[in-house]
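S.K.: Have a look at this one.
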Amino acid sequence: MRQDWEPEDLTEVWTLLEDDMKRVRRLELPADLFSDVPEKLVDAWRARASKEYPANLERMKPPGPHRAQPAPLP
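Position one of the sequence shown corresponds to residue 315 (my numbering), numbered consecutively onward.
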């Protein structure tokens, strides 16, 4: 990890993080969004997402058999 951070660098990083958090909060996701999903699966998704660039996350499909299935036709 970089050891020679300048105060301006840290301020810029902090500002970017704050902006990202504001965008996430604007989504107004419910606190219990993943309450019916096993914790082990959520941990796997979190680990997978943490290794990706944000732009790639939009193109990602859920892993394995937990992909959303289309609704049956009436």
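Quick reminder that beta carbons are idealized off the backbone N, C-alpha and C, glycines included.
How many whole angstroms separate the CB atoms of valine 356 and phenylalanine 348, which I take to be in contact at a CB cut-off of 8 angstroms?
M.R.: Counting from one through the sequence shown, the residue named residue 356 turns up at place 42. Counting from one through the sequence shown, the residue named residue 348 turns up at place 34. Their Cβ separation, rounded to whole angstroms, is 5 angstroms, which keeps valine 356 and phenylalanine 348 in contact under 8 angstroms.
S.K.: CA-CA distance, glutamate 353 and glutamate 332?
M.R.: One-based indexing of the sequence shown puts residue 353 at position 39. One-based indexing of the sequence shown puts residue 332 at position 18. If I take the Cα positions, the gap works out to 27 angstroms.
S.K.: Please report how far the alpha carbon of alanine 345 lies from the alpha carbon of glutamine 317, in whole angstroms.
M.R.: Walking along the sequence shown from the start, residue 345 turns up at place 31. Walking along the sequence shown from the start, residue 317 turns up at place 3. So the two alpha carbons sit approximately 36 angstroms from each other.
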